[in-house]
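Peer 1: Protein chains in written order, with my numbering: chain V, 1 to 522; chain F, 523 to 601. C-beta atoms are modelled at their ideal positions from N, C-alpha and C, and glycine is treated no differently. Quick caveat: nothing in here was measured; it's all calculated off a predicted structure.
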Amino acid sequence: MVFTSLKFLLFITAVVFIYFIFPKKYRWVWLLLSSYFFYLSASVKYGIFLVFSTVITYLAAIWIEKVSESIDVSSLLKDERKQAKQLIEKRKKLITAIAILLNFAVLFTIKYYNFTVLNISALADIFGIQFTPAMLNILLPVGISFYTFQVTGYIIDVYRGINNAEHNFFKYALFVSYFPQIMQGPIGRFSDLSQTLYTGHPFEYQRMTYGLQRMMLGFFEKLVIADRLAIAVDTVWPNYQSYGRIEILLICLFYAIQIYADFAGYMDIAIGASEIMGIRLSENFKAPYFSASIPEFWRRWHITLGSWFRDYLFYPIMRSGWCISLGKKLKGIIGKKASSKIITVIALLCVWFFTGMWHGASWHYIVWGVYYGILIILSTLFAPVFDKFVQNHSINRNNPIYKSVQILKTFVIVCMGYIFFRSDTMSQAFGIIGRIFSLSAPLLSPAAIGLDKADLIVAAVFLILLLIIDVFRAKDIDIRAVIAKKALILRWIIYFILLFSVIIFGVYGPEYSSSSFIYFQF
Amino acid sequence: MERAEIFEKLNNVFRDVFDDDTITVSDNTTASDIDGWDSLMHITLISAVEDEFDIKFDMKSVVAMKNVGDMADIIEKEA
Chain V
1 MVFTSLKFLL
11 FITAVVFIYF
21 IFPKKYRWVW
31 LLLSSYFFYL
41 SASVKYGIFL
51 VFSTVITYLA
61 AIWIEKVSES
71 IDVSSLLKDE
81 RKQAKQLIEK
91 RKKLITAIAI
101 LLNFAVLFTI
111 KYYNFTVLNI
121 SALADIFGIQ
131 FTPAMLNILL
141 PVGISFYTFQ
151 VTGYIIDVYR
161 GINNAEHNFF
171 KYALFVSYFP
181 QIMQGPIGRF
191 SDLSQTLYTG
201 HPFEYQRMTY
211 GLQRMMLGFF
221 EKLVIADRLA
231 IAVDTVWPNY
241 QSYGRIEILL
251 ICLFYAIQIY
261 ADFAGYMDIA
271 IGASEIMGIR
281 LSENFKAPYF
291 SASIPEFWRR
301 WHITLGSWFR
311 DYLFYPIMRS
321 GWCISLGKKL
331 KGIIGKKASS
341 KIITVIALLC
351 VWFFTGMWHG
361 ASWHYIVWGV
371 YYGILIILST
381 LFAPVFDKFV
391 QNHSINRNNP
401 IYKSVQILKT
411 FVIVCMGYIF
421 FRSDTMSQAF
431 GIIGRIFSLS
441 APLLSPAAIG
451 LDKADLIVAA
461 VFLILLLIID
471 VFRAKDIDIR
481 AVIAKKALIL
491 RWIIYFILLF
501 SVIIFGVYGP
511 EYSSSSFIYF
521 QF
Chain F
523 MERAEIFEKL
533 NNVFRDVFDD
543 DTITVSDNTT
553 ASDIDGWDSL
563 MHITLISAVE
573 DEFDIKFDMK
583 SVVAMKNVGD
593 MADIIEKEA
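#1: For the region 548-566 of chain F, list every residue whose C-beta sits within 7 Å of some C-beta in chain V, in sequence order.
#2: What do you reckon, are the CB atoms on A165 of chain V and E65 of chain V nearer than 8 Å?
#3: Where does G321 of chain V fall in DSSP's three states?
#4: If the cut is a Cβ gap below 7 Å, which residues of chain V does K582 of chain F touch?
#5: Taking all protein chains shown into account, decide if D543 of chain F is buried (16 or more other Cβ within 10 angstroms of its Cβ) or exposed.
#6: Whose CA, out of V:A61, V:A60, V:Q83 and V:I62, lies closest to the CA of I71 of chain V?
#7: Could you check what DSSP says for G431 of chain V in three-state terms: helix, strand or coil?
#8: Using only alpha-carbon positions, find the residue among V:Y365, V:I324 and V:K78 that is nearest to F115 of chain V.
#9: Assuming contact is defined by CB atoms lying nearer than 8 Å, are F8 of chain V and V16 of chain V in contact in what I supplied?
#10: How would you list, in chain order, the residues of chain V whose beta-carbon sits under 7 Å from the beta-carbon of A586 of chain F?
#11: Output the distance between the C-alpha atoms of P523 of chain V and V117 of chain V, rounded to the nearest integer angstrom.
#12: What residue does the alpha helix (DSSP H) around G188 of chain V start on, and which one ends it?
#13: If we call anything under 8 Å between Cβ atoms a contact, is V414 of chain V one with A256 of chain V?
#14: Buried or exposed for H475 of chain F, please, with buried defined as at least 16 other CB atoms from any protein chain shown within 10 angstroms of its CB.
#15: Kindly indicate which three-state DSSP category A256 of chain V falls into: helix, strand or coil?
#16: Which bits of chain F does D311 of chain V rub up against, with CB to CB less than 7 Å?
#17: Do three or more CB pairs link the region 217-233 of chain V to the region 263-279 of chain V at distances below 8 Å?
#18: In chain F, which residues lie with their C-beta within 9 Å of the C-beta of T344 of chain V?
#19: Between which residues of its own chain and L281 of chain V is the CB-CB distance below 7 Å, once the five residues before and five after are set aside?
#20: Check the Cβ-Cβ distances between F314 of chain V and every residue of chain F, and say whether any is below 8 Å.
#21: Say whether the region 41-58 of chain V touches the region 96-104 of chain V, bearing in mind that this needs 3 or more beta-carbon pairs closer than 8 Å, one atom from each stretch.
#22: Between which two residues does the alpha helix (DSSP H) containing A448 of chain V stretch?
#23: How far does the alpha helix (DSSP H) with P384 of chain V in it reach, from first residue to last?
#24: Since P295 of chain V meets chain F, which of its residues come closer than 7 Å, beta carbon to beta carbon?
#25: Using a Cβ-Cβ cut-off of 6 Å (strictly less than) and excluding sequence neighbours within five positions of I62 of chain V, which residues of its own chain qualify?
#26: Please go through the same chain and pick out, in chain order, the residues whose beta-carbon is closer than 8 Å to the beta-carbon of N589 of chain F, but skip the five residues on each side of it.
#27: Quick test of your reading: I231 of chain V and Y240 of chain V, contact by CB under 8 Å. State the CB separation rounded to the nearest angstrom.
#28: Nearest to V151 of chain V by alpha carbon, out of V:A99, V:V471, V:S423 and V:Y243?
#29: Under 8 Å, Cβ to Cβ, is there at least one residue of chain B near E600 of chain F?
#30: Does the count of Cβ pairs from the region 395-404 of chain V and the region 199-218 of chain V closer than 8 Å reach three?
#31: Who are the near neighbours of L20 of chain V in its chain, counting only those whose CB is closer than 7 Å to its CB and skipping five residues on each side?
#32: Can V29 of chain V and F190 of chain V be called in contact, C-beta distance under 8 Å?
#33: For the region 350-361 of chain V, list every residue whose C-beta sits within 8 Å of some C-beta in chain F, in sequence order.
#34: Any beta carbon of chain F sitting closer than 8 Å to that of S501 of chain V?
#35: Counting contacts by CB-CB distance shorter than 8 Å, is M607 of chain V in contact with chain F?
#36: Select from V:F146, V:L229, V:P295 and V:T109 the residue whose C-alpha is nearest the C-alpha of N137 of chain V.
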């Protein structure tokens, strides 16, 4: 059930209506039923994987808690206490590792098995060993990358003592399956969601209007902007050889806007739908294209994925025993600062390799991830040199021109990254880059890009609207509160413009069906 | 260790790590108050604080620490 389908509109209306007539105490039960209905309507088969992940992590978390309470350390002597603590820690670690391994084994088999064996056979071929690996033919269950990360975060948080294990299985099942976020995030934390998911929230008029407005904005971003630009992107990208340099550059720009409007649009619908029922989801974007540097971009783009990798991969690598001992060894040879830099580089490369891989089992995603890893490493290594340069030349970092140049630079780097992200293969990505830099490529070619002049004007006009909205988002101002203060007539004019722009200018397929979201495939 | 002494030492660690002699931290200082306090610097800072006070933060503290006050609380308990 795609968020932008009529089916979903009917579904969400029914869910919200019944939510508020359900007894407050059991409203979460209704959410659980709705969430499973929503998920299983995609495919009943996929439900098996979801239930498996839920059961494994539910049991493991309770087990971890039981192990922690199994020995009363306060009654022991100092030495015994230390030993007992170590034993508990060891057992907790083992349970956590098994739970994570089981979850990732499923994800790996379904998503990465074919990719891995194909690469192994290609590598073996170089050494003259030839074999044809058996391939798995399983469709990727929707949302598996998202909920696997969410349950992994949960189990690690229980292990770290950040939150307690949830003992009510059905409440935990809702945390994993909550319908607005299961398909493509935001990847939630139990400590946040448990505060808001199980309380029966009363109906509030303002919350409903704010939620509806946010959903409307999401529909607008997805249907009017993303799906319109997608027509051009899908026309040019696979046939890049027929296009000139200008069109290729234009299409990279279009894709940057498309993917943002697509993904942020989804988030606005998810967060808005949830808000109507009083449930707060984490924000996933904060006007990312206004970032002045790549590290900043990643703090504002797909925020919940970035913070997941930070808390559950980057920090553990940096704090791991082998990293610390490697750091100590290197310290004696190359000094403290250089050794800590080497450790950071290793950790960053790991994080970005896996960030790329998370998006899909294909080299072009991995290269896209490592591209960011290298950029962030370079920006970290050269930050002191750059700071000195800025200081020596008395450059004012708050100067609007300086800031604009930084924002533009970051945006161009992000657009270049998308060439790897959007391409189906590495050779296509290099083909597109080659086309941009090739001297023989014409600047403009007569080949149509799939959009007529009217479409381009519509896209440009609405893009300005999106830019204005993002200016508010960048400044942490809730645009809905600003509009709410305006005169009644003006307010409704704005709402109607938004509503009718979605109806009139939205890109729909046959029978008002719309295309699915980009992040559904991950 | 007295809290005032902890903060005095913390000020020195922060000034050294962020290379800024004007930094003075308080209970309510958060990452957004100090230029450059991102996830990379957070780990460097954590190690520097550990070395200074001869303690070890667990992962819960590393991740869940909300401000310098939280950090000082842990130091007070551990050191």
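Peer 2: Concretely, from the data shown:
#1: D560, S561, L562, I565 and T566
#2: yes
#3: helix
#4: R160, G161 and I162
#5: exposed
#6: V:Q83
#7: helix
#8: V:Y365
#9: no
#10: For A586 of chain F, the residues of chain V that pass the 7 Å Cβ criterion are I162, in the order they occur in the chain.
#11: In the structure displayed, chain V extends from 1 to 522; residue 523 of chain V sits before or after that span and is not available.
#12: Counting along the chain, G188 of chain V falls outside any alpha helix (DSSP H), and DSSP gives it neither H nor E.
#13: yes
#14: Residue 475 of chain F falls outside the range modelled here, since chain F spans only 523 to 601, and no answer is possible.
#15: helix
#16: V585
#17: yes
#18: Annotation: Cβ neighbours of T344 of chain V in chain F (cutoff 9 Å, chain order): L562, I565 and T566.
#19: Contacts found: P180, Q181, P186, G188, A270, I271 and S274.
#20: yes
#21: The region 41-58 of chain V vs the region 96-104 of chain V: in contact.
#22: A448 of chain V -> no alpha helix (DSSP H), and no H or E assigned at all.
#23: A383 to N392
#24: D560
#25: A165
#26: D549, N550, T551 and T552
#27: 16 Å between Cβ atoms; not a contact.
#28: V:A99
#29: Here the protein chains are V and F, and chain B is not one of them.
#30: no
#31: It should be noted that the sequence gives Phe, not Leu, for residue 20 of chain V. F203.
#32: no
#33: Cβ contacts with chain F come from no residue of the region 350-361 of chain V.
#34: Closer than 8 Å: no.
#35: There is simply no residue 607 of chain V to check, as chain V begins at 1 and stops at 522 in what is shown.
#36: If we check each option's Cα against that of N137 of chain V, V:T109 comes out closest.
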